[in-house]
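Enquirer: Sharing a structure here in structure tokens format.
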Amino acid sequence: MNDEIKMQQIHRRKRLYEAIFFGLFRIMGFMVVLILGFILCFITMKGIGVMSWEFITASPTDGLTKGGIFPAIVGTMCLIAGSMIFAFPIGVLSGIYTTEYAKTGKWVKFIRLMTNNLSGVPSIVFGLFGMSLFVNTLGFGDSILAGSLTLGLLVLPVVIRTTEEAILSIDDSFRHGSLALGATKLQTINRVVLPMAFPNIITGLILSIGRVSGETAPILFTVAAYFLPQLPTSIFDQVMALPYHLYVIATSGTNIEASRGIAYGTALVLIIIVLTLNLAANVIRNYIQKKIK
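Sequence positions in the sequence shown follow our numbering and run 1 to 293.
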């Protein structure tokens, strides 16, 4: 009888601990959503006043205190596209190599160690490296090409690690079944593994877009212009970019108060661009998942 009572007490204690910890997890999750909502509401309320068609489509004037931010929007989109064109294929191919072709051992461990270390390098170090290699040594100058390659290197570890995790999550039975039917390893990867892993690989693309769109230090050394109202005509041109533009109008100039609203409006536009691109990537991911099922 005593043993039964003790077991009931232990069971109640476990359920109490479980309820407490699950309650803490719910509170922390709610706090994260609350903080994100507060930030979005704050930026929206501060920036909605300057939002207009002219603000989005015009060039800046009067020392960046008037006009619009269209050149900065175009420059940001060019840098996002250029960095993804560079980082996504290389990152996916690297992830395929380490998971499907490289034998498990010291070499793979070394690659993953270097990838993890690379992801922890401060972005300003990437900016200095990009300036030294792409701007000066290779002679690209301050250009979209130099900035895109620098940002691509910055997010490359994210794409590699996401690809590895996505491919490793595919059960080996699918590989064995494909090989048993006479498919080669390349055909198995191309027609079985990658289609099933691709929805999760897109997660790396989403994370990369979010980071690239908000980086200031790397583009400061490689591509960003303080005031450049005209649009780029080639990949060797300088461009304005929303993060650097936001930094400039918020911290410098002779009339900071006059440009404060433009700063919040720029931040709101940047958030809208990131959310739109992430939403588009999620739509593509969901479409692929449904097609696979």
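No residue lacks a Cβ here, since even glycine has one placed at the ideal position from N, Cα and C.
1. Taking the continuous alpha helix (DSSP H) assigned at V159, which residues delimit it?
2. Classify K66 as helix, strand or coil using the three-state DSSP reduction.
3. In whole angstroms, what separates the C-alpha of T222 from that of R26?
4. If the criterion is Cβ atoms closer than 7 Å, does the pair L154 and P218 meet it?
5. Below 7 Å between beta carbons: does that hold for Y226 and K46?
6. Per the DSSP calculation, T61 is bridged to which residue(s)?
7. Can you list, in chain order, the residues of its chain with a C-beta nearer than 7 Å to that of V248? Leave out the 5 residues immediately preceding and following it.
8. According to DSSP, is V239 part of a helix, a strand, or is it coil?
9. Return helix, strand or coil for A183, following the three-state DSSP convention.
10. Could you name each continuous alpha helix (DSSP H) segment of 4 residues or more that falls completely within the region 58-131, going from the start of the chain to the end?
11. To which residues does DSSP link A224 through a beta bridge?
12. Which residue comes first and which comes last in the alpha helix (DSSP H) that contains P195?
13. Between G105, S143, L128, M240, which lies nearest to S59 when the distance is taken from Cα to Cα?
14. Does the distance from the CB of V283 to the CB of L207 come in under 7 Å?
15. Spell out a yes or no on whether the region 160-172 and the region 95-115 are touching, meaning 3 or more CB-CB pairs, one atom from each, closer than 8 Å.
16. Indicate whether T266 and I69 have their beta-carbon atoms separated by less than 7 Å.
17. Once you ignore the five residues that flank F86 on each side, which residues in its own chain have a CB closer than 7 Å to its CB?
18. Could you tell me how far apart the beta carbons of D142 and Q230 are, in whole angstroms, since I believe they sit closer than 8 Å?
19. When the distance is taken between beta carbons, is I124 closer than 7 Å to F316?
20. DSSP on P232, reduced to helix/strand/coil?
Expert: On the basis of the data shown:
1. 144-168
2. strand
3. 43 Å
4. yes
5. no
6. K66
7. L64, Y226
8. strand
9. coil
10. 70-96, 106-119, 123-130
11. V239
12. 194-214
13. M240
14. no
15. yes
16. yes
17. S148, L149, G152
18. Rounded, the Cβ-Cβ distance is 15 Å, inconsistent with contact.
19. What is shown of the chain runs 1 to 293, which leaves residue 316 out entirely.
20. coil
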